[in-house]
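Peer 1:
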Amino acid sequence: MVYNQYTKNRSRNIILRHAVQALTDNRNEAACLSEYYVRDIYEFFCDKNDGRDFEEIQKIDINYIKEWERQRRIEVGYKKPEELNICYLAGPEPQNDFNVLISLGVLPQNIWAFESDKDTYSIALENYNSSNFAQPKIIRMSIENFFAHTPKKFDIVYIDACGTVISNKHALRCISTLLKYHRLNSPGMLITNFAGLDKTNSSEISIYTELMARYFLTKTYTVNH
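Under the working numbering, the first residue of the sequence shown carries the number 438, and numbering increases by one thereafter.
1. With a 10 Å radius around its C-beta and 16 neighbouring C-beta atoms as the bar for buried, classify Asp592 as buried or exposed.
2. Closer than 6 Å by C-beta to Cys524: which residues in its own chain qualify, once you throw out the five before and the five after it? Chain order, please.
3. Determine the burial state of Gly542: buried for a count of at least 16 other Cβ atoms within 10 Å of its Cβ, exposed for fewer.
4. Once you ignore the five residues that flank Ala585 on each side, which residues in its own chain have a CB closer than 7 Å to its CB?
5. Classify Tyr595 as helix, strand or coil using the three-state DSSP reduction.
6. Return the chain-ordered list of same chain residues with a C-beta closer than 6 Å to the C-beta of Ile644, the five sequence neighbours on each side being excluded.
7. So, does the region 557-564 touch the region 623-640, judging by three or more C-beta pairs under 8 Å?
8. Once you ignore the five residues that flank Arg509 on each side, which residues in its own chain have a CB closer than 8 Å to its CB?
9. Return the bridge partner residues of Ala550 from the DSSP annotation.
10. To the nearest angstrom, how far is it from the Cα of Lys656 to the Cα of Ile575?
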């Protein structure tokens, strides 16, 4: 399998460029809450001029809101591309993602590539040795185990999985482990890409069917007459 076709290269460039820009130039907008979120709510109820909500809002000290805004600015902070730490699944051609990240200003020392399969790892090393890589990190272990046992946090985690969301490759478990052990910085960017469902695989279809059945069983539907 080749990973440098035009479509894949174009997608890779668009996705990684957006992720880096979101956490650097547009970092303030990348946070879940805007800097003035609390103040906007406060002013919304102040404008009502009557009612219980208005009475309660008068009890709030505006200095507490200013302190929240200051703390939020400190927590979000500022970062340049060379300050970002990024990890991804290496595969046999780790240079594809590596080259894009380097072109975006990310330091090679801050890029971590993971590969658990022995044969694929060997191919990846050959590609590293035959390319102009500067201080690459390619680690032979599952990224899931790394998340579980290494206290390292990343700004961007790129999971380009070969398996479907639910399969015997446990692609989704990798993400749950990332979140369980808080290995993604805040703000951070999680990029995922999963294979489509193999309609000839009865085992996968059965798993999906059972999962969706349980999901829709608890839903309430409105019937239009």
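The beta-carbon is built from N, C-alpha and C at its ideal position, and this holds for glycine as well. These numbers were taken from a predicted model, which means no experiment stands behind them.
Peer 2: So, from the data block:
1. Locating residue 592 in the sequence shown gives position 155, where the first residue counts as 1. Per the 10 Å Cβ criterion, buried.
2. For the purposes of this step, residue 524 is taken as the residue at position 87 of the sequence shown. Cβ within range, chain order: Trp549, Phe591, Val594.
3. On the sequence shown, residue 542 is found 105 positions in, with the first residue counted as 1. Classification for Gly542: exposed.
4. By one-based count along the sequence shown, residue 585 stands at place 148. Result list for Ala585: Thr614, Tyr618, in chain order.
5. For the purposes of this step, residue 595 is taken as residue 158 along the sequence shown, with counting starting at 1. DSSP places Tyr595 within a strand segment (E or B) once states are collapsed to three.
6. Within the sequence shown, the letter at position 207 stands for residue 644. Only Ile603 meet the Cβ criterion.
7. no
8. Residue 509 sits at position 72 when you count from the first residue of the sequence shown. Counting only Cβ-Cβ distances below 8 Å, and skipping sequence neighbours, we find Ala468, Leu470, Glu472.
9. As a working mapping, residue 550 is identified with position 113 in the sequence shown. Bridge partners of Ala550: Tyr525, Ile575.
10. For this step, residue 656 is matched to residue 219 along the sequence shown. For this step, residue 575 is matched to residue 138 along the sequence shown. Between Lys656 and Ile575, the C-alpha separation is close to 45 Å.
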